[in-house]
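Numbering (our numbering), first residue to last: 1092 to 1338.
Note that CB positions come from ideal geometry on N, CA and C, so glycine has one too.
Quick look at the structure:
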């Protein structure tokens, strides 16, 4: 868990610095920064996708994962979580004796949720997250997560300067996701093979591309969070094909 704690610290530090200094940037400059992050995220996603050894497996995992994600409404759940965190820690307090009137979602809340979702997905999707967490949990070697932490710290700085304080709350997602993998590291290493990791990485790359297109470049709305089951389905499909003697 040491690497995860370091990662959380860098996200909080980077995000705080982004909040402090980001407001000094003109709106036009902040939009350009977000666009640059979108292009970089898309490029990383393409690089990750090229790890695949069988694109059909990635396609199957993405399609099935999207169906399951829509059925389970994962993105709605993450959005509601972001809204709860915003209301609980950031939102203004109202008189508990007065029934709140239904109001359309405000721009600050939308910005909070967007920052929370974007940062959570970027920080938790990728091979360094999986490999680093397993390495940290098995041998207490957090060197890979330390490298990831530095990258996430700079990303948090850039994200928070444009997307706001919601980015800091993505540290909760990092804690649950990476910490959970570290605790289950022994079982994960026994099950996940290099081939499984390649397809999981490729599926994660497509998620990052979708995130860049939707949240950062704002080219087309894509519920990228609903594709998260693909990260589990991709290695599962590899295992099934191998068991059938196909892969």
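| query | result |
| --- | --- |
| Measure the alpha-carbon distance for residue 1191 versus residue 1174 and round it to whole angstroms. | Here residue 1191 scores only 42 on pLDDT, less than 50, and its place in the model should not be relied on; the value that follows carries that caveat. If I take the Cα positions, the gap works out to 16 Å. |
| If we ignore side chains and look at the alpha-carbon of each, how far apart do residue 1278 and residue 1265 end up? | 20 Å |
| For residue 1120, which option in 1220, 1240, 1254 and 1146 has the closest C-alpha, if you only look at C-alpha atoms? | 1254 |
| Find out if the Cβ-Cβ distance for the pair residue 1244, residue 1101 is shorter than 8 Å. | yes |
| Which same chain residues, not among the five before or five after residue 1301, have their C-beta less than 6 Å away from its C-beta? | 1313 and 1315 |
| Among the residues of its own chain, which have a CB less than 7 Å from the CB of residue 1104, if the five just before and after it don't count? | 1244 |
| Count Cβ pairs between the region 1291 to 1306 and the region 1330 to 1337 that sit closer than 8 Å; are there 3 or more? | no |
| Consult DSSP for residue 1086 and reduce its assignment to one of helix, strand or coil. | Nothing can be reported for residue 1086: it is not among the residues displayed for the chain, which extend from 1092 to 1338. |
| Could you give the DSSP three-state label for residue 1144: helix, strand or coil? | coil |
| Report the start-end ranges of each alpha helix (DSSP H) in the region 1105 to 1176 that is 4 residues or longer and not cut off at the edges. | 1118 to 1140, 1146 to 1163 and 1165 to 1176 |
| Residue 1175: beta carbon under 7 Å from a heavy atom of the ligand SAH? | The ligand SAH is not part of the structure shown, which contains no ligands of any sort. |
| Quick one: grab the DSSP three-state call for residue 1066. | Since the first residue shown for the chain is 1092 and the last is 1338, residue 1066 is missing from the structure and cannot be characterised. |
| Measuring only the C-alpha atoms, how far is residue 1276 from residue 1098? | 17 Å |
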